[in-house]
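Here's the structure we're looking at; comments come further down.
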Amino acid sequence: MRQSRRKILRAVAMASEEEAEIAKLQAADDYSYTPPPPLSPPQLEKRYYCAVCYLPAITRCSRCKAVRYW
Numbered sequence: 001m002r003q004s005r006r007k008i009l010r011a012v013a014m015a016s017e018e019e020a021e022i023a024k025l026q027a028a029d030d031y032s033y034t035p036p037p038p039l040s041p042p043q044l045e046k047r048y049y050c051a052v053c054y055l056p057a058i059t060r061c062s063r064c065k066a067v068r069y070w
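Here the sequence shown is numbered in the numbering used here, starting from 1 and rising by one per residue.
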C-alpha cells in the first residue's frame with residue numbers, strides 16, 4: 001500500500017515540476033523580443049537619358065525632341 005502511494009506522490013511531483021517548467025518557458029516566450037523583418041532596400045530611380053544630347057528625359061527630350069533613351 002505504501003509503495004503505490006509513494007509512486008502516486010512521485011508521479012504528481014513530476015507532473016507539477018513539468019507544469020512549472022512549461023509555464024516558465026511560456027513566460028520567457030512572452031517576454032522575448034523578435035525584431036521586425038528588415039525593410040527592403042529602396043528602389044533606385046531609373047534615370048533615362050536622351051541618346052542624342054544626354055540630358056535627363058522622361059518621355060521625350062525637351063531639347064532635341066529625340067525619343068530613344070538609354
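All residues carry an ideal CB built from backbone N, CA and C; glycine is no exception. All figures in this text were calculated on a predicted structure; none of them were measured in a lab.
Own chain, CB closer than 6 Å to Pro38, minus 5 neighbours either side, in chain order
The residue you call residue 38 lines up with position 38 of the sequence shown. Contacts found: none.
In the DSSP assignment, what are the bridge partners of Tyr33?
The residue labelled residue 33 in the question sits at position 33 within the sequence shown. DSSP, once it has assigned bridges, lists no residue as partnering Tyr33.
Beta-carbon within less than 6 Å of Cys50's beta-carbon, same chain only, minus the 5 sequence neighbours each way: which residues are those?
As a working mapping, residue 50 is identified with position 50 in the sequence shown. Result list for Cys50: Ala57, Cys61 and Ala66, in chain order.
For Gln3, which residues of its own chain have a beta-carbon under 6 Å away from its beta-carbon, when the five flanking residues on both sides are left out?
As a working mapping, residue 3 is identified with position 3 in the sequence shown. Closer than 6 Å at the Cβ level, and outside the excluded window around Gln3, lies no residue.
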